[in-house]
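There are 2 protein chains.
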Amino acid sequence: MLDWHGSGMSVMEMSHRGPEFMGILAEAEADLRELMAIPSGYRVLFMQGGAIGENAIVPMNLIGRTGRADYVVTGTWSEKSAKEAKNYGQVCVAASGEAGAFRAIPPRSEWRLDPQAAYVHICSNETIGGVEFHWTPDTGDVPLVADMSSNILSRPIDVSRYGLIYAGAQKNMGPSGVTVVIVREDLLGHALPITPAAFNYQVQAQNDSMYNTPPTYAIYIAGLVFKHVKSLGGLATMEEHNRAKARLLYDFLDGSRFFRNEVAPADRSLMNVPFHLRDASLDKAFLDGARQRGMVQLKGHRIVGGMRASIYNAMPIEGVRALVAYLREFEAAHG
Amino acid sequence: MLDWHGSGMSVMEMSHRGPEFMGILAEAEADLRELMAIPSGYRVLFMQGGAIGENAIVPMNLIGRTGRADYVVTGTWSEKSAKEAKNYGQVCVAASGEAGAFRAIPPRSEWRLDPQAAYVHICSNETIGGVEFHWTPDTGDVPLVADMSSNILSRPIDVSRYGLIYAGAQKNMGPSGVTVVIVREDLLGHALPITPAAFNYQVQAQNDSMYNTPPTYAIYIAGLVFKHVKSLGGLATMEEHNRAKARLLYDFLDGSRFFRNEVAPADRSLMNVPFHLRDASLDKAFLDGARQRGMVQLKGHRIVGGMRASIYNAMPIEGVRALVAYLREFEAAHG
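Residue numbers (UniProt numbering), protein chains in the order written: chain A, 1 to 335; chain B, 1 to 335.
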């Protein structure tokens, strides 16, 4: 891979305009289109900056049509998105789960949507609070924009219900450094003049994601992940797999008097399962024991405390079984 | 590397906040600081978006101090930078090589600098026209900003003469997808309100380049390149190596009556050597012959036509010798 003085080419040193990389990019896009059943009339862009970059890039590109946008706040990530969007237009929080400590998705009937909004923004899965949209909100003629960074490719979705979907790759698609944007063509062309050309969807669409040098190696790896998911049976299989994993863990937590998950059952995330020990003074002992069993990164985000199990596509059911076995054992010893 | 169902960790799946990746990032920064002798008082940021992204990110972050900036235009890249900067403030072209078809760097004595400019921007090496700054312009109290994407790490420079240096990684530092920004601390904190948080230098400096998930694998590879360059002897050795390669090629071109390079000798790039056949009708035969010898990507940029040899750090002198041998042979057959 470093072949400094060699003459062979690895993906990493290919010209991004050469036929080899152009083929890799086209194949990655075709595989993603097939996996997600992306309809014609949508463009697939491979960009840089991650979902946090998109917090600015989305309004820069879309808010200009009417100058206003609605945000549904269901946790840390969507709150951050709404806050950043305020730099580019009038942002309204159409619904928020804050009053309920973000333990549930506000029902659609409570949303106060502005028919003049350029778009409605949601985060389809909040990794910290562990709430996930298991339904697609109807926003009428106003395009729905979703940050799917943490649950894209975890189950089939109906892309035609969305105006724009964006996702940083690093949860379910591959390495960090590439951001996938799926955008309905009629939403292109409304970018604010201050939009950097490299982050202008229309410019990137016209240049097949090559207006600037794309993150070639990250795209190559994401392409391999798309092929792998296809070979496993596609998104229906991923959903089955992810539901089985989540059920195992939630069923145990609900039956336990020692551990608890406080998210409304209908809104529980299949990807991120936060849980607390009833006796927080045992947290350290719990984490130490987990580490001894090779289970790392179980500590919850500092905002919510407690524990969190992230069970993305790549986590095998055996990993969840091992976690549940440890939870049971720890409860028996300390409960 | 794909280890989908495994439990081991590769760099690509590490948490960017875990001690393993934090160590990789810190070591990459330390090695780059050592290689370039970056003084204290400068921050090193690893960002996304490439140099084309920086065309907007630089003015967003720096122009706000006075609302004005000077640009020195020496070819395609600096022209593009100046054009994009106009979205964020008053941009003045302080000097341009356009009248001379960008075959020379305008001498410092001809620059009309604005003492109230927030910065002066140059591109230290133009890859298409093949002109390079072999001197560091004195801009007085106005910070000098340089796009060094195509010649960073090719020779020692005095970082203290610059306010800000930026470079996409893909020429001399590693894979595309990571951008290095070296910025003097006093220039932080003047970002326009419309600056995306992910591209705000101060936000990234305060968060050690981790405000959003950094392109971890690209940083890891860049770090390996830094170690490799150190092991070869550092930038003084790279300069010697690069000068020897360039001399070989320019000496041949200057002695030829069949090929020509039209760049002013004092401003010729050590990285990119454009050249023309006197008889352009032989271009195709020349490229075909080159391809048969395994020499690809010799076609010049469509803007200038002709041929171009890119001889970045990674090109061995043997590669240049092979090219010169082919040039000599082709001239003998067709000259």
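Even for Gly, the Cβ is constructed at its ideal location relative to N, Cα and C.
Source: prediction; values computed, not measured.
Residue i versus the options, residue with shortest Cα-Cα distance
| i | options | result |
| --- | --- | --- |
| B/S256 | B/G23, B/I152, B/E331 and B/P115 | B/E331 |
| B/E132 | B/V178, B/V73, B/H334 and B/V93 | B/V73 |
| B/Y71 | B/M60, B/K86 and B/Y201 | B/K86 |
| A/L113 | A/W77, A/R68 and A/A101 | A/R68 |
| B/Y119 | B/W77, B/T66 and B/S96 | B/T66 |
| B/R43 | B/G305, B/Q204, B/A322 and B/A264 | B/Q204 |
| B/L153 | B/G163, B/Q170 and B/L144 | B/Q170 |
| A/A37 | A/F259, A/A236 and A/G306 | A/A236 |
| A/M47 | A/L35, A/L25 and A/P265 | A/L25 |
| A/G89 | A/N55, A/A99, A/P106 and A/R108 | A/N55 |
| A/N125 | A/H301, A/G305 and A/D267 | A/D267 |
| A/S149 | A/D141, A/G140, A/T179 and A/G163 | A/T179 |
| B/F259 | B/D147, B/K245, B/A244 and B/S281 | B/S281 |
| B/L164 | B/L144, B/P175, B/D158 and B/S176 | B/L144 |
| A/G18 | A/A94, A/T216 and A/M295 | A/T216 |
| B/G289 | B/G129, B/L327, B/M271 and B/F226 | B/L327 |
| B/Y312 | B/A197, B/V273, B/E329 and B/L287 | B/V273 |
| B/L248 | B/V324, B/G75, B/T127 and B/A28 | B/V324 |
| B/G168 | B/A309, B/A51 and B/L298 | B/A51 |
| A/P115 | A/G140, A/A146, A/G234 and A/A314 | A/G140 |
| B/V91 | B/A99, B/G64, B/I157 and B/E98 | B/G64 |
| A/A309 | A/V296, A/I303 and A/R302 | A/V296 |
| A/S15 | A/M210, A/A322 and A/S269 | A/M210 |
| A/E84 | A/P107, A/M60 and A/A94 | A/M60 |
| A/G49 | A/Y166, A/L35 and A/E98 | A/Y166 |
Neighbouring residues, chain A, relative to residue i (Cβ below 7 Å)
| i | result |
| --- | --- |
| B/G168 | T213 |
Interface partners of residue i on chain A, CB under 9 Å
| i | result |
| --- | --- |
| B/H16 | Q170 and S176 |
| B/T216 | Q170, P175, S176 and G177 |
| B/I194 | A56, M60, N87, Y88, L192 and I194 |
| B/G53 | Q48, G49, P196, A197, A198, F199 and N212 |
| B/Q292 | The premise fails here: B/Q292 is roughly 14 Å from chain A at the closest Cβ pair, so nothing lies under 9 Å. |
Residue i: contacting residues in chain B (beta-carbon distance under 7 Å)
| i | result |
| --- | --- |
| A/N151 | Under the 7 Å cutoff, chain B gives no residues; its nearest Cβ is about 16 Å from A/N151. |
Exposed unless 16 or more other CB atoms sit within 10 angstroms - verdict on residue i
| i | result |
| --- | --- |
| A/H334 | exposed |
| B/D254 | exposed |
| A/R103 | buried |
| A/W135 | exposed |
| A/E318 | exposed |
| B/R155 | buried |
| A/Q292 | exposed |
| A/H5 | The predicted model places A/H5 with a pLDDT of 38, which falls under 50 and marks its position as unreliable; any figure quoted below should be read in that light. Counting Cβ neighbours within 10 Å, A/H5 comes out exposed, since fewer than 16 surround it. |
| B/D31 | buried |
| B/L187 | buried |
| B/Q202 | buried |
| A/R243 | exposed |
| B/L62 | buried |
| B/E20 | exposed |
| B/P214 | buried |
| A/E185 | exposed |
| A/V320 | buried |
| A/G177 | buried |
| B/G189 | exposed |
| B/K284 | exposed |
Residue(s) in a DSSP beta bridge with residue i
| i | result |
| --- | --- |
| B/H16 | B/H16 pairs with nothing; no bridge assigned. |
| A/A69 | A/V91 |
| B/V183 | B/R43 and B/L164 |
| A/S310 | A/N272 |
Neighbour list for residue i in chain B, Cβ cutoff strictly below 8 Å
| i | result |
| --- | --- |
| A/A236 | The contacting residues do not exist; A/A236 stays about 18 Å from chain B at best. |
| A/Q206 | Those do not exist, as A/Q206 stays about 14 Å from chain B at its closest Cβ, beyond 8 Å. |
| A/E84 | P196 and A197 |
| A/Q297 | S15 and G18 |
Under 8 Å from the C-beta of residue i: neighbouring residues of chain A
| i | result |
| --- | --- |
| B/A118 | Here the premise fails: no neighbours, minimum Cβ distance about 17 Å. |
Amino acids of chain B, ordered along the chain, whose beta-carbon sits closer than 9 Å to that of residue i
| i | result |
| --- | --- |
| A/G89 | Result: empty, since nearest Cβ-Cβ is about 11 Å, beyond 9 Å. |
Minimum Cβ-Cβ distance from residue i to chain C less than 7 Å
| i | result |
| --- | --- |
| A/L188 | No chain C appears in this structure, whose protein chains are A and B. |
Which parts of the stretch 75–148 of chain B are runs of the alpha helix (DSSP H), unbroken and 4 residues or longer, counting only runs that do not cross its ends? 76–85
Note down, one range per segment and in chain order, each alpha helix (DSSP H) of at least 4 residues found wholly within the stretch 195–234 of chain A. 201–206 and 216–232
List, from N- to C-terminal side, the beta strand (DSSP E) runs of 3 residues or more that fit wholly inside the stretch 247–308 of chain A. 272–277
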